[in-house]
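Reading through the structure tokens given below for one structure.
Protein chains: 2
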Amino acid sequence: MFALIMAGGSGTRLWPRSRKTQPKQLLDLGSGRTMFQEAYDRVVPLFGDEGIFVVTSGEYVPMMRQQVPSIPADNYIIEPFGRGTAPCIGLAALYLRRVDPEGVMCVLTADHYIEKAERFRRVLRAAARVAEEGHLVTLGINPSFPSTGFGYVCRGTALGTVDGFEVFRVEKFTEKPDADTARRFCESGMYSWNSGMFIWRISVILREFERLMPNLYAQLMEIDAAIGTPQEQAVLSRVWPQVEKETIDYGIMEKAADVAVIPVDIGWNDVGSWSTLLDILPADENGNVITGQHVGVDTHKSLIYSPHRLVATVGLEGMIVVDTGDVLLVCPRERAQEVRALVKRLQEAGRDEYL
Amino acid sequence: MFALIMAGGSGTRLWPRSRKTQPKQLLDLGSGRTMFQEAYDRVVPLFGDEGIFVVTSGEYVPMMRQQVPSIPADNYIIEPFGRGTAPCIGLAALYLRRVDPEGVMCVLTADHYIEKAERFRRVLRAAARVAEEGHLVTLGINPSFPSTGFGYVCRGTALGTVDGFEVFRVEKFTEKPDADTARRFCESGMYSWNSGMFIWRISVILREFERLMPNLYAQLMEIDAAIGTPQEQAVLSRVWPQVEKETIDYGIMEKAADVAVIPVDIGWNDVGSWSTLLDILPADENGNVITGQHVGVDTHKSLIYSPHRLVATVGLEGMIVVDTGDVLLVCPRERAQEVRALVKRLQEAGRDEYL
Numbered sequence: 240m241f242a243l244i245m246a247g248g249s250g251t252r253l254w255p256r257s258r259k260t261q262p263k264q265l266l267d268l269g270s271g272r273t274m275f276q277e278a279y280d281r282v283v284p285l286f287g288d289e290g291i292f293v294v295t296s297g298e299y300v301p302m303m304r305q306q307v308p309s310i311p312a313d314n315y316i317i318e319p320f321g322r323g324t325a326p327c328i329g330l331a332a333l334y335l336r337r338v339d340p341e342g343v344m345c346v347l348t349a350d351h352y353i354e355k356a357e358r359f360r361r362v363l364r365a366a367a368r369v370a371e372e373g374h375l376v377t378l379g380i381n382p383s384f385p386s387t388g389f390g391y392v393c394r395g396t397a398l399g400t401v402d403g404f405e406v407f408r409v410e411k412f413t414e415k416p417d418a419d420t421a422r423r424f425c426e427s428g429m430y431s432w433n434s435g436m437f438i439w440r441i442s443v444i445l446r447e448f449e450r451l452m453p454n455l456y457a458q459l460m461e462i463d464a465a466i467g468t469p470q471e472q473a474v475l476s477r478v479w480p481q482v483e484k485e486t487i488d489y490g491i492m493e494k495a496a497d498v499a500v501i502p503v504d505i506g507w508n509d510v511g512s513w514s515t516l517l518d519i520l521p522a523d524e525n526g527n528v529i530t531g532q533h534v535g536v537d538t539h540k541s542l543i544y545s546p547h548r549l550v551a552t553v554g555l556e557g558m559i560v561v562d563t564g565d566v567l568l569v570c571p572r573e574r575a576q577e578v579r580a581l582v583k584r585l586q587e588a589g590r591d592e593y594l
Numbered sequence: 240m241f242a243l244i245m246a247g248g249s250g251t252r253l254w255p256r257s258r259k260t261q262p263k264q265l266l267d268l269g270s271g272r273t274m275f276q277e278a279y280d281r282v283v284p285l286f287g288d289e290g291i292f293v294v295t296s297g298e299y300v301p302m303m304r305q306q307v308p309s310i311p312a313d314n315y316i317i318e319p320f321g322r323g324t325a326p327c328i329g330l331a332a333l334y335l336r337r338v339d340p341e342g343v344m345c346v347l348t349a350d351h352y353i354e355k356a357e358r359f360r361r362v363l364r365a366a367a368r369v370a371e372e373g374h375l376v377t378l379g380i381n382p383s384f385p386s387t388g389f390g391y392v393c394r395g396t397a398l399g400t401v402d403g404f405e406v407f408r409v410e411k412f413t414e415k416p417d418a419d420t421a422r423r424f425c426e427s428g429m430y431s432w433n434s435g436m437f438i439w440r441i442s443v444i445l446r447e448f449e450r451l452m453p454n455l456y457a458q459l460m461e462i463d464a465a466i467g468t469p470q471e472q473a474v475l476s477r478v479w480p481q482v483e484k485e486t487i488d489y490g491i492m493e494k495a496a497d498v499a500v501i502p503v504d505i506g507w508n509d510v511g512s513w514s515t516l517l518d519i520l521p522a523d524e525n526g527n528v529i530t531g532q533h534v535g536v537d538t539h540k541s542l543i544y545s546p547h548r549l550v551a552t553v554g555l556e557g558m559i560v561v562d563t564g565d566v567l568l569v570c571p572r573e574r575a576q577e578v579r580a581l582v583k584r585l586q587e588a589g590r591d592e593y594l
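Listed in order, the protein sequences are those of chains A and B. Position 87 (the first sequence) corresponds to 326 in our numbering; numbering is contiguous. Position 251 (the second sequence) corresponds to 490 in our numbering; numbering is contiguous.
Have a look at this one:
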């Protein structure tokens, strides 16, 4: 049983803290540990250092090795560049089956927040038992509000209970719905958020790649033949640019025959924006999440990140103030998603120093 | 005819830009000239460098000399420390009457904004003619809204027209009124804002000091006897701490018998807060007043001052963002007056480095 932590993303919604060279998962967003460290902390009691694998971009590895020195260097699987989650997981599966071809892999993320770590480990253990039987298992999150920002999983017939967790056959995956649909989904009680975390046997997922994504599978096999040979890097560098970009959800999960979902409440949050952090991080008596020095008059429910200078505020309610030293971001929390638009403007203006 | 620019204040409402060592009047708030330089620019065509006197605190003189090198060094009158406008003006009068005992002095401010400089000079010229006849003259500002932040001057009988300006006897001075009273004042058409700018003969104002503030007058005479002697500094240092704090409005103007007001529209503004600056300074097509680099999405009517780092904003409306390098201020414009409360908190906390 392996953990595969996917840690290659470079989110822009936590800009200006997240940057090309320092993506979200490598940041300490206020807990004292980086998101990658937290992803590690959550699963190391279950998998041990040897059982944790990381798939990421080569440029991030030195920082990750520094942040979590105990994961063996050989457990880092390097994607030449991101091609979506399907190729990423396929590539990782090639390496993992060399360790144990009959193993179960838990595909996990490094940029999500999970409040209930103990419960998370328990559901992973249960999911692994379900996966042993040949199912592709996805963790479904009990939706806390009708979000239009997540994909949804509709449960079908019950498959039984494992270690106290109910397991269902997946009826249908739905991409991010509109507001009405999301509301309907939540009211029906049949839907979970798609967490992007999957548990399956390595041999089963590779068979599904062969069946549902034959082009990708052929490319993976070409790489596979070179692994461990002097040609490994050369083949990877040649094949990878030809790989089509695809998500595992669209490429496999939506089409696979035997998918199971385990709906859980693990205090999951995708940390998709500064606004989310306001909800997650510990707040003071005014509901403010403060990093750095702050003097405030009538300031509430605001996130202030400023390790370098004093922030003084009057009459703020639900504001985001982030000062990274070279950039200062100010925006109301309900507009936090639009930080992406700022990053886009800077990209267009060629202001690479801020990206 | 002399200009006396009072420049001793240390306003806290433009904090964090205004500091103890760099008060408002010594700052360039966005026009390219400091407020003191602007005060000089406005009046030098009328008075010449030799005719402009400055009363201020000794610590500010080096910076003022640097900002306006053409005012003779001898024209700086040093208050040991601030005791309100009455002692300040009294002290200055002692020095001015040595230059011309029959002269007219125009008491002006260095921390107010005056849009219509030419009209301002014209009204000063007219006011000087009225003052020649022995009146104490105050410039009244036509109120543009029922402000509760200014004192008001009620006009009485008309004294005639001078150079196209109507002159009235002052019926009454009123300190900052409540909102209802302010509204009533404005509707009546009989009231002007008290600009704090006065024009009078030196001999007349000294006579009024003698009559209405005899204690202060005696102290001034003690200082006067020492001026030009080796004891000047010693006497000033001994007498000044005993001087009672008082404003010229309360000490003289409200009690004087023969006060005239000339109501004018000179585009006057007291630059009392960051919010005022938003009204005064040139704005871009989104109504934003920007100093420094800014990238914004849907940001309007906001003041952004950040010479040191990029400011990125989403969805701001009427916000003040001021970054001085060591401090960052964020507050909605309608709360800008409360910046004082922040400064007070820092004082109480002994954070002198920010004051």
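Note that CB positions come from ideal geometry on N, CA and C, so glycine has one too.
Residue-level contact to chain B via CB, Ala522/A, 8 Å cutoff: no
Assess contact between the region 537–544 of chain A and the region 470–488 of chain A, defined as three or more Cβ pairs (one per stretch) separated by less than 8 Å. Is contact present? no
Indicate whether Ile328/A and Val293/A have their beta-carbon atoms separated by less than 8 Å. no
Using 8 Å as the threshold, is the region 499–518 of chain B in touch with the region 567–585 of chain B, meaning 3 or more CB pairs across them? Touching, yes, given that three or more Cβ pairs across the two stretches are closer than 8 Å.
To the nearest angstrom, report how far apart Ala278/B and Phe359/B are at their CA atoms. 11 Å
Is it the case that the Cβ atoms of Leu285/B and Leu335/B are separated by a distance below 8 Å? no
What is the rounded straight-line gap between the Cα of Val369/A and the Cα of Val376/A? Using only the alpha carbons, I get a separation of about 7 Å.
Using a beta-carbon distance below 8 Å, is Met558/A in contact with chain B? yes
is_contact[Tyr593/B, chain A] using C-beta, thresh 8 Å: yes
What does the alpha-carbon distance come out to for the pair Arg258/A and Ala522/A? Arg258/A and Ala522/A have their C-alpha atoms some 25 Å from each other.
is_contact[Ala566/A, chain B] using C-beta, thresh 8 Å: Looking at the sequence provided, one finds Val at residue 566/A rather than Ala. Yes, Val566/A lies at the interface with chain B (some Cβ there is under 8 Å from its Cβ).
Alpha helix (DSSP H) containing Pro453/B: first to last residue? Its alpha helix (DSSP H) spans residues 453–465.
Contacts around Ser309/A, its chain only, beta-carbon distance under 7 Å, and the 5 residues preceding and following it disregarded: Asp288
Quick one: which unbroken beta strand (DSSP E) runs of 3-plus residues sit fully inside the region 396–437 of chain B? Chain order, please. 404–413
Spatial neighbours of Asn527/A in its chain, beta-carbon cut-off 8 Å, leaving aside the 5 residues before and after: By the criterion of a C-beta distance shorter than 8 Å, Asn527/A is surrounded in its chain by His533, Gly535, Thr538, His539, Lys540, Ser541, Leu542, Ile543, once the five residues flanking it on both sides are discounted.
Segment contact flag, the region 371–390 of chain A with the region 491–502 of chain A, C-beta cutoff 8 Å, min 3 pairs: yes
Measure from the alpha carbon of Ala465/B to the alpha carbon of each residue in Tyr299/B, Arg337/B, Ala312/B, then state which is nearest. Arg337/B
Mind listing which residues of the region 505–534 of chain A have their C-beta closer than 7 Å to chain B's C-betas, in chain order? Val534
Touching by the beta-carbon criterion (3+ pairs, under 8 Å), the region 295–312 of chain A and the region 261–274 of chain A: yes
Would you mind telling me which residues of chain B sit closer than 8 Å to Pro255/A, beta carbon to beta carbon, in chain order? What Pro255/A touches in chain B: Ala551.
Examine chain B for any beta-carbon lying closer than 8 Å to the beta-carbon of Ser270/A, and answer yes or no. no
What first and last residue would you give for the alpha helix (DSSP H) that runs through Phe286/A? 274–286
To the nearest angstrom, how far is the alpha carbon of Gly589/A from that of Lys583/A? If you take the alpha carbons of Gly589/A and Lys583/A, they lie about 10 Å apart.
What's the gap between the Cα of Asp497/A and the Cα of Glu341/A? If you take the alpha carbons of Asp497/A and Glu341/A, they lie about 18 Å apart.
Determine whether the beta carbon atoms of Leu347/B and Ala421/B lie at a separation below 8 Å. no
Counting only C-beta atoms, is Gly287/A closer than 8 Å to chain B at any point? no
Residues from the region 378–407 of chain B in contact with chain A, defined by Cβ distance under 9 Å: Against chain A - using a Cβ distance shorter than 9 Å - the region 378–407 of chain B contributes no residues.
Leu265/B in three-state terms, based on DSSP: helix
Within-8 Å CB hit, Cys570/A to chain B: yes
Among Phe437/A, Thr251/A, Asn314/A, Ala246/A, which residue has its Cα nearest to the Cα of Gln586/A? Thr251/A
Taking just the CA atoms, how far does Ile462/A sit from Gly247/A? 20 Å
Once DSSP output is grouped into helix, strand and coil, what is the label at Lys507/B? In the sequence on display, residue 507/B carries Trp and not Lys. The answer is strand: DSSP assigns Trp507/B an E or B state.
Residues of chain A with CB under 7 Å from Ser545/B, in chain order? Correct list: Leu567.
Straight-line CA distance for Met436/B to Cys345/B? 7 Å
Closer than 8 Å, CB to CB, is Arg322/A near chain B or not? With 8 Å as the cut-off, Arg322/A does not count as an interface residue toward chain B.
Please go through the region 467–525 of chain A and give each complete beta strand (DSSP E) segment of 3 or more residues, from N-terminal end onward. 498–503
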